[in-house]
Structures are given as C-alpha cells and as structure tokens.
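So the sequence shown is numbered by our numbering: it starts at 1251 and just counts up by one.
Beta carbons: idealized from backbone N, C-alpha and C, even for Gly.
Everything on this sheet refers to the single structure shown next.
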Amino acid sequence: MDLEEAKRKFEPYRQKIADMQAQADALTVDSDESQETAVESAAQAKRLLKALDEERKRLIKDPDQFVRSMNAFVRSFRKPLDALVGTLRGKIGDFQYQKELERRKIAKKMEEEAAARKAKLEAEAKESGVEPPQVMPVPAPKPDTTTRTESGATASIRTQWVGEIQDPQAVPREYCCPDQKAIDQAVKLGVREIPGVKIYEKPITVLRS
C-alpha cells in the first residue's frame, strides 16, 4: 500500500472532525444539560481518536515490525562501533591536548625571552642615553589542531572551559535550579507551605469514553 492510498482511508474522518469542532466551539457550558452534552462530545472525540490510532497501527503494523527488527539488528553493529570511536576519540584528544600544552609552553618561554631581551636593551639604551631600539616580536608557533589523513579523514581539537560540580552544598544559590519533581512530590504528600512556591488547588477534568 502506498502513502496516498493509506491517506484515503482516513478521509471519512475529516468532515466528522470538522463537524465536531464546530459543535464544540459553539457549545456554552452553563447548565447540567450542556455539561452533559460537553462530556458526551469529548467522549465521542476520544473514541474517534482511538479509532484513528487503531487504523494507523493496522496500516503500519507489518512495515513497522520490519523497521523495528532491522533497527535491532543494525544496533548490534552500532554499539561496538560507537564504543570503538569513543575509545579512539579519547586517545586522539589526549595526544592533541598534550601537543597544545607543549605549544603553549614554548610560546610562553618565547614571550618571556622576548620580554627579558627588551628589558635588557632598554636598560642599555638608558645607560647610554639613547633611544631604545625597537624589538620585533617573535611569532609564537601556531596551534596545530587538525590531523588529516590521506583518505581525507580529519580530527581536530578545540578547548572550552567547563564547570564540574564537586560539592553541591557549596554552589551559590544563583547557580541552583529548583527541583519541580521534588516540589510536586512534597505537595502530593501534603506539604502546603514552601518558601517561594505558590501552592493552590487546580481543577483537573478527567474524561473517560
């Protein structure tokens, strides 16, 4: 069955849904009778939704089973490959980071040597009563952050600062996020006062078809 043929099977529902939507928009719930009408209309909509879902499941059952089976089969290949890539990524990252640290070490040493040389020349010039000569900065080695293979595969490194929580109790308040699940559980258990939290009754309509 192609997609267009499958879509045609749902066409009878389209007008029915439009009619139900118009009735729902026009309905004013202001009496027991109109409330009963609203409840029945909502139940009809839920039954229609269930019928739509059952039809959808019927149409996709066979292809869906094939997709699930194929995904599970291929997953057995993906897991070891993902683990392999993760292992290699870690080793490559460690090596590239060590190279970057060495580059920074060399650059710092060059800067210190240049500063010392400049200070020496300035001192000598001052002693001689002449203008100090201009010292041309020595370019630091450029970072070599990309590795490229003959096949065109590349690996590159970039660094970023990250914050890892070591002691949750010591983290300043502005970096903490309230736990909504914990609040919900406390309210469910009967807590009615929590600083900074509005606790109130909220009507929830439960519809069963």
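Where residue i and residue j are concerned, what is the direct C-alpha to C-alpha distance, given to the nearest angstrom?
i	j	result
S1284	L1299	22 Å
D1252	Q1294	30 Å
A1310	R1353	As written in the sequence, residue 1310 is Ile, which differs from the Ala given in the question. In a straight line, the C-alpha of I1310 is about 58 Å away from that of R1353.
D1332	S1319	20 Å
D1303	Q1416	48 Å
K1358	V1324	50 Å
In this structure, how does DSSP classify residue i when only helix, strand and coil are distinguished?
i	result
S1281	coil
T1455	coil
V1324	helix
V1447	strand
A1405	strand
R1398	strand
F1260	coil
G1379	coil
L1351	helix
D1344	helix
P1428	coil
According to the Cβ coordinates, are residue i and residue j closer than 9 Å?
i	j	result
T1396	Y1347	no
Y1263	A1301	yes
P1387	A1375	no
F1345	E1305	no
G1402	P1428	no
I1356	P1389	no
R1339	A1272	no
Quick check on this structure: which residue in the options has the alpha carbon closest to the alpha carbon of residue i?
i	options	result
I1449	F1316, R1458, I1433	I1433
E1363	S1378, L1439, V1385	V1385
K1341	I1407, A1256, A1274, D1429	I1407
V1456	A1322, E1290, P1330, D1275	E1290
R1297	D1314, D1312, K1266	K1266
K1307	T1278, M1270, A1256, Q1273	A1256
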